[in-house]
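> One structure, pasted below without further comment.
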Amino acid sequence: MLAERQELRIPARYNGPPDSGHGGYVSGRFAALAAAHQGATATVTLAEPVPLEEPLAFRSGTRRSTVTHGTRLIATVAPGRTPADPPPAVDPATARRASARFTGRAGHPFPTCFACGDGRPDRDGLGLTPGPVDGLPGTVATPWTPADEEGADGGPVPAELVWSALDCPGGWTDDPLSRPRLLSRMTAVVLRPPRAGEPCVVVARRGAADGRLLRVDSALYTAAAELLASATATWTALARPGTDVSNPPGKDTA
């Protein structure tokens with residue numbers, strides 16, 4: 020049987036680095052396309068930066084699905100395992116205190132990033148500002164109240180925006196100012212999407228590092244500490260910070 024083929028484009032709005040797609044957003048889009056074959060919990064591996072406003076081809080497969088740009092492999096999607104140990108919930112007051120220490124205000128490797136960039140027009144991105152949590156080394160938190168996105172006010176937030184929110188805080192568990200990293204692999208499960216206008220908290224916890232690779236766990240909670248979604252991700256440090264945005268997945272630590 021021939022693999023099902025669909026064409027898609029990533030709008031320029033959803034960037035991470037200036038000229039490529041936001042890792043969490045594109046991973047969420049690809050996982051949604053593959054859900055019929057790979058299931059509700061998927062592992063997305065990004066082989067190359069995802070081009071913006073360019074035709075991409077999604078091809079489904081029983082064991083894995085692929086995303087290509089011309090002849091170049093951009094990403095694969097395979098069945099994933101539900102993250103077993105999400106970071107614990109942080110109450111909104113603690114998250115606000117952590118957010119006040121967000122170091123991205125003083126410098127940001129990708130200031131126009133859709134999820135955590137401080138150089139975007141007001142309300143044009145998610146506006147995440149993850150900062151260190153007192154008493155929890157390697158852990159950051161940020162409040163997030165989803166805006167009305169692609170649906171009626173108060174409706175469920177699209178899964179790709181939940182993946183976006185789970186993604187960026189992981190990068191701030193390390194020091195992205197001195198050692199920028201890009202998402203290379205992400206496994207996520209959305210138990211319940213938040214609704215537009217629902218106050219939430221995103222928490223991320225630094226895991227083991229192996230050369231250029233860093234493992235991170237993240238979770239999305241309601242203000243009342245209900246777990247909405249969780250993820251495990253692998254981030255890859257840029258080979259030449261400031262110039263090289265290639266994103267090979269390397270050894271799998273996810």
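Numbering (my numbering), first residue to last: 20 to 273.
Heads up, the beta-carbon is just placed ideally off N, CA and C, and yes, glycines get one too.
Small disclaimer: the values here were computed from a predicted structure and weren't measured.
#1: Just to confirm before moving on: does the CB-CB distance between residue 162 and residue 176 stay below 8 Å?
#2: Which word fits residue 118, buried or exposed, when buried means at least 16 other C-beta atoms lie within 10 angstroms of its C-beta?
#3: Can you tell me whether residue 170 is helix, strand or coil according to DSSP?
#4: Please determine if the stretch 36 to 49 and the stretch 81 to 100 are in contact, where contact requires at least 3 C-beta pairs separated by less than 8 Å.
#5: If you pair each beta-carbon of the stretch 80 to 92 with each one of the stretch 126 to 140, do three or more pairs fall below 8 Å?
#6: Give the DSSP-derived three-state secondary structure of residue 163 in the structure shown.
#7: Could you check the C-alpha separation between residue 192 and residue 184 for me, to the nearest Å?
#8: Let me check understanding here. Comparing Cα to Cα, which of 71, 109 and 25 lies closest to residue 79?
#9: Taking its Cβ as the centre, do 16 or more other Cβ atoms sit within 10 Å of residue 230, making it buried, or is it exposed?
#10: Look up residue 219 in the DSSP assignment and give the residues it is bridged to.
#11: Express the C-alpha separation of residue 251 and residue 237 in angstroms, rounding to a whole number.
Let me spell this out:
#1: no
#2: buried
#3: Only weak support exists for where residue 170 lies, its pLDDT of 47 falling under 50; the value from the coordinates is given anyway. Of the three classes helix, strand and coil, the one that applies to residue 170 here is coil, per DSSP.
#4: yes
#5: no
#6: strand
#7: 14 Å
#8: 25
#9: exposed
#10: 163 and 241
#11: 6 Å
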